[in-house]
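Protein sequence lines, in the order shown, are assigned to chains D and X. Read in order, the letters of the first sequence correspond to residues 13 to 397 in the numbering used here. Read in order, the letters of the second sequence correspond to residues 12 to 134 in the numbering used here. Each residue gets a CB set at the ideal place from its N, CA and C atoms; glycine is no exception. This one's a predicted model, so the numbers in the text were calculated from it and none came from an experiment. For reference, the structure discussed in these notes is given below.
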Amino acid sequence: MSRRVYLDHNASTPVHPEVVAEMLPYFTELYGNPSSIHAFGREARDGMDLARERVARFLKVSPPEIVFTSGGTESDNFAVKGLAWARGKGHLITSQVEHHAVLRTCRALEAQGFDLTCVGVDEFGMVDPDEVRRAIRPDTIAISIMHANSEVGTIQPIAAIGRIAREHDVPFHVDAVQTFGKLPLDVDALGIDALSFSAHKIYGPKGVAGLFVRKGTKMVAVQHGGEHERRRRAGTENLPGIVGLGKAVAVRARDMQAEAERVGALRDRLWQGVSARVPEVRLSGHPTQRLPGTASLLFRHVESESIVLGLDLKGIGVSAGSACTSGNVEPSHVLVAMGISVDWAMGAVRCSLGRSTTAEDIDYVVECVEPLVRKLRQAMPVGAA
Amino acid sequence: MRYSPTLVDHFLNPRNAGIMREPDGVGEDEYAGCGDLTRFFLRVRDGRAVEIRFQTYGCGPTIAAASMASELYRGRLVGELCALDAAEIEQALDGLPQDRRHAADVAAGALRAAAAQYQARQA
Chain D
13 MSRRVYLDHN ASTPVHPEVV AEMLPYFTEL YGNPSSIHAF GREARDGMDL ARERVARFLK
73 VSPPEIVFTS GGTESDNFAV KGLAWARGKG HLITSQVEHH AVLRTCRALE AQGFDLTCVG
133 VDEFGMVDPD EVRRAIRPDT IAISIMHANS EVGTIQPIAA IGRIAREHDV PFHVDAVQTF
193 GKLPLDVDAL GIDALSFSAH KIYGPKGVAG LFVRKGTKMV AVQHGGEHER RRRAGTENLP
253 GIVGLGKAVA VRARDMQAEA ERVGALRDRL WQGVSARVPE VRLSGHPTQR LPGTASLLFR
313 HVESESIVLG LDLKGIGVSA GSACTSGNVE PSHVLVAMGI SVDWAMGAVR CSLGRSTTAE
373 DIDYVVECVE PLVRKLRQAM PVGAA
Chain X
12 MRYSPTLVDH FLNPRNAGIM REPDGVGEDE YAGCGDLTRF FLRVRDGRAV EIRFQTYGCG
72 PTIAAASMAS ELYRGRLVGE LCALDAAEIE QALDGLPQDR RHAADVAAGA LRAAAAQYQA
132 RQA
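Here it is as structure tokens:
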């Protein structure tokens, strides 16, 4: 196997060389603890301050409103639990298509006695803001809706939901892990009170992320200990990671628009190539309100993991929309919420493109998909067989 | 790669895949809680399975297990097929990861069912 094509950028990305270069001194030379008051600590603190400023500039907020964390999952847990626990009891609203970091956190809170409403989505995976409005009760204490879905790429009507949250004076959390550094984000204009973001989806390192918390938002810490992050998140900061996150978002602010146009065109090339050659294939997600680099392909009557394995053997990395673990296979909760029938949902394959993706890569993938799906269908007991 | 070269070969080049016209025995098995489904067709002469074909819906190991079984048991007595053990298929594939053991179980179950159906027809 010589050729390798990585089409799983929604899962993770390679760290940008400019990001690596900026991080390296923080492993060996600028290794102080940012909380220390001596010169070593102050140098480290300077690096962290710059990163915080860069993130704040991207979100058009002030630096003290940024809290660094260890990952998108921690940010989501911090936001949802922090908002809920600060109020002690009440009603939460989220959607059926959230990442498990939000959905399971909400379920855990439900088990603790909070009430929960999970609003549905339409066939494109989009939340109806009016359904959110109707779900609001006098005791609603938080709304958490993702910005864009990692599986199908649909971008939610965040501005409209933000307006509704404001009208009802309910804090609004947005999981923006898939859009931060990919789309412009103006949290004021969108009416957002808390926003989760991560570094490794945007060519930064793994293990570092953050949460924007609007000044004045009533929230409690989830992790206790020292005075770090203005007592909102205890623990010595992952300084090289935070420096990398800051640089990654600065690079994205510079490059993201041009890249969105380029990967959007490649995504279209992929879909056109596959749909012209393979029968019974659909593109899931919203036709226009979608992440530029994400294509969720549904191959009817084929099992997605067999496609992922077949493409893996050709050096291509994509991800399956359904996963068979311990003999238990379920279609993705996102596709189920969209009302996609099992015969299509079980054959979901997500291709997510990125800055290294070329037209030649896409043509190679299209070349490999057609014979693979044809062969798999020949052995199938249903449908095309 | 978490799968053996033998498994990968059977996945990429499945032997005896597809429907059989007028089979002497048909049987299928599905893994509980899992969408995997395999169906075997038998052609029997003088009490032996002279031809075995299959259709399957499942992940790579499930396809490979069915393909392997279709080769492994060709020429065997139907009575033997009725009592075949999934471990033999797993061994022939040079092993399966723990979370994919069901692939051999489904193939074995479907092939046993096809053999049992043939015997029921004869009775």
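### Message
Could you check whether the Cβ of X/T17 sits closer than 8 angstroms to any Cβ belonging to chain D?
### Response
By 1-based counting over the second sequence, the position of residue 17 of chain X is 6. Not one chain D Cβ lies under 8 angstroms of X/T17.
### Nearest residue (CA-CA) to D/A56, options D/E30, D/T248, D/S208 and D/F90
Numbered from 1 along the first sequence, position 44 holds the residue referred to as residue 56 of chain D. Selected option, being the one with the closest Cα: D/T248.
### Message
Determine whether the beta carbon atoms of D/V92 and D/H185 lie at a separation below 8 angstroms.
### Response
Within the first sequence, residue 92 of chain D is the residue found at index 80, counting from 1. Within the first sequence, residue 185 of chain D is the residue found at index 173, counting from 1. Result yes, Cβ atoms of D/V92 and D/H185 sit closer than 8 angstroms.
### Task
Counting only the same chain and skipping the five closest in sequence on each side, list residues whose C-beta sits under 6 angstroms from that of D/S210.
For this step, residue 210 of chain D is matched to residue 198 along the first sequence. These residues qualify, in order along the chain: G84, V189 and A221.
### Query
Going by the beta-carbon positions, is the gap between D/L303 and D/I167 smaller than 8 angstroms?
Taking the first residue of the first sequence as position 1, residue 303 of chain D is located at position 291. Taking the first residue of the first sequence as position 1, residue 167 of chain D is located at position 155. Yes. Within cutoff.
### Task
State the Cα-Cα distance for the pair D/V144 and X/A43, rounded to the nearest angstrom.
Within the first sequence, the letter at position 132 stands for residue 144 of chain D. Within the second sequence, the letter at position 32 stands for residue 43 of chain X. D/V144 and X/A43: Cα-Cα distance of roughly 37 angstroms.
### DSSP-derived helix/strand/coil call for X/Y14
Within the second sequence, numbered from 1, the residue matching residue 14 of chain X stands at position 3. X/Y14 falls in the coil class under three-state DSSP.
### Query
Between the stretch 56–70 of chain D and the stretch 237–256 of chain D, are three or more C-beta pairs nearer than 8 angstroms?
yes
### Task
Would you give the residue range spanned by the beta strand (DSSP E) that X/Y68 belongs to?
Taking the second sequence and counting its residues from 1, one reaches residue 68 of chain X at position 57. Unbroken beta strand (DSSP E) run through X/Y68: R59 to Y68.
### For D/A371, the residue or residues it bridges with in DSSP
Position 359 of the first sequence, counted from the start, is the residue given in the question as residue 371 of chain D. DSSP output for D/A371 lists no bridge partner at all.
### Task
Using a Cβ-Cβ cut-off of 8 angstroms, state whether X/Y68 counts as contacting chain D.
Looking up residue 68 of chain X in the second sequence gives position 57. Answer yes: the Cβ-Cβ gap between X/Y68 and chain D drops below 8 angstroms somewhere.
### Among X/D47, X/D35, X/N24 and X/H21, nearest to X/A126 - alpha-carbon criterion
Numbered from 1 along the second sequence, position 115 holds the residue referred to as residue 126 of chain X. The candidate whose alpha carbon is nearest that of X/A126 is X/D35.
### Task
Spell out a yes or no on whether the stretch 198–217 of chain D and the stretch 29–39 of chain D are touching, meaning 3 or more CB-CB pairs, one atom from each, closer than 8 angstroms.
yes
### Message
Distance check for X/G69 and D/T306, CA to CA, integer angstroms please.
### Response
Position 294 of the first sequence holds residue 306 of chain D. Position 58 of the second sequence holds residue 69 of chain X. Each residue's alpha carbon lies about 25 angstroms from the other.
### Message
Does D/R15 pass the burial test, meaning 16 or more other C-beta atoms within 10 Å, or should it be called exposed?
### Response
Your numbering for residue 15 of chain D matches position 3 in the first sequence. With fewer than 16 Cβ atoms within 10 Å of its Cβ, D/R15 is classed as exposed.
### Task
Indicate the three-state DSSP secondary structure (helix, strand or coil) for D/S156 in the structure shown.
Here residue 156 of chain D refers to the residue found at position 144 when the first sequence is read from its first residue. Residue state, collapsed to three classes: strand.
### Query
Which chain B residues are close to X/L122, counting only those with a beta carbon under 8 angstroms from its beta carbon?
Here chain B cannot be found, since the structure's protein chains are D and X.
### Message
Does the CB of X/I74 have a neighbour CB from chain D at under 8 angstroms?
### Response
What you label residue 74 of chain X is simply residue 63 of the second sequence in a count that begins at 1. So yes, X/I74 belongs to the interface.
### CB of D/V290 within 8 angstroms of CB of D/G193, strictly
Translated into positions along the first sequence, residue 290 of chain D becomes position 278. Translated into positions along the first sequence, residue 193 of chain D becomes position 181. Not closer than 8 angstroms, so no.
### Whole-Å CB distance - D/V430 paired with D/L323, under 8 angstroms assumed
For residue 430 of chain D there is no data in the structure shown, the boundaries of chain D being 13 and 397.
### Query
Which residues, in chain order, does the stretch 20–35 of chain X contribute to contact with chain D at a C-beta distance below 8 angstroms?
F22, L23, P25, A28, G29 and I30
### Task
Can you tell me the Cβ-Cβ gap for D/G363 and D/L282, rounded? I've got them flagged as a contact below 8 angstroms.
Residue mapping note: residue 363 of chain D aligns to position 351 of the first sequence, counting from 1. Residue mapping note: residue 282 of chain D aligns to position 270 of the first sequence, counting from 1. The sequence given here places Cys at residue 363 of chain D; Gly does not occur at that position. The pair is a contact, with the Cβ atoms about 6 angstroms apart (cut-off 8 angstroms).
#### Entry: Pair within 8 angstroms by beta-carbon distance, D/V346 and D/I319
Residue 346 of chain D sits at position 334 when you count from the first residue of the first sequence. Residue 319 of chain D sits at position 307 when you count from the first residue of the first sequence. Their beta carbons are not under 8 angstroms apart, which means D/V346 does not touch D/I319 by this criterion.
### Message
Out of X/A103, X/R123 and X/Q66, which one is the CA nearest neighbour of X/N27?
### Response
Against the second sequence, residue 27 of chain X aligns to sequence position 16. Of X/A103, X/R123 and X/Q66, the residue nearest in Cα terms is X/Q66.
#### Entry: Closest Cα partner of D/A201 within the set D/A171, D/T40, D/E273 and D/N161
As a position in the first sequence, residue 201 of chain D is number 189, starting the count at 1. Measuring from the Cα of D/A201, the nearest candidate turns out to be D/A171.
### Query
What first and last residue would you give for the alpha helix (DSSP H) that runs through D/C130?
Here residue 130 of chain D refers to the residue found at position 118 when the first sequence is read from its first residue. Unbroken run through D/C130 is the beta strand (DSSP E), D127 to V131; no alpha helix (DSSP H).
### Task
Could you give the DSSP three-state label for X/E91: helix, strand or coil?
In the second sequence, counting from the first residue as 1, residue 91 of chain X sits at position 80. Here X/E91 sits in helix by DSSP.
### Complete runs of the alpha helix (DSSP H) confined to the stretch 211–296 of chain D [at least 4 residues]
240–243 and 251–289
### Query
Per the contact definition of three or more C-beta pairs closer than 8 angstroms, is the stretch 103–115 of chain D in contact with the stretch 233–240 of chain D?
no
### Message
Residues of chain X with CB closer than 9 angstroms to the CB of D/E382, please, in chain order.
### Response
Taking the first sequence and counting its residues from 1, one reaches residue 382 of chain D at position 370. In chain order: nothing, as chain X lies at least about 15 angstroms away.
### Residue-chain proximity (D/E379, chain X), Cβ-Cβ < 8 angstroms
Position 367 of the first sequence, counted from the start, is the residue given in the question as residue 379 of chain D. Chain X contact via Cβ: absent.
### Task
Could you have a look at D/G333 and say whether DSSP puts it in helix, strand or coil?
By 1-based counting over the first sequence, the position of residue 333 of chain D is 321. D/G333: coil per DSSP, three-state reduction.
### Task
Can you have a look at X/N24 and say buried or exposed, based on whether 16 or more other CB atoms are within 10 angstroms of its CB?
On the second sequence, position 13 is the one that residue 24 of chain X refers to. Exposed, by the Cβ-count rule.
### Query
Does the beta carbon of D/M392 sit closer than 8 angstroms to a beta carbon anywhere in chain X?
Working through the first sequence from its first residue, we reach residue 392 of chain D at position 380. True, the Cβ-Cβ gap to chain X drops below 8 angstroms.
### Query
Cβ atoms of D/A120 and D/V131: under 8 angstroms apart, would you say?
Here residue 131 of chain D corresponds to residue number 119 of the first sequence, with the count starting at 1. Here residue 120 of chain D corresponds to residue number 108 of the first sequence, with the count starting at 1. No, the pair does not count as a contact, with Cβ atoms beyond the cut-off.
#### Entry: Interface residues of chain D facing X/G71 [CB-CB closer than 8 angstroms]
Stepping through the second sequence from its first residue, residue 71 of chain X is reached at position 60. Within chain D, the residues near X/G71 are E317, S318, L321 and G322.
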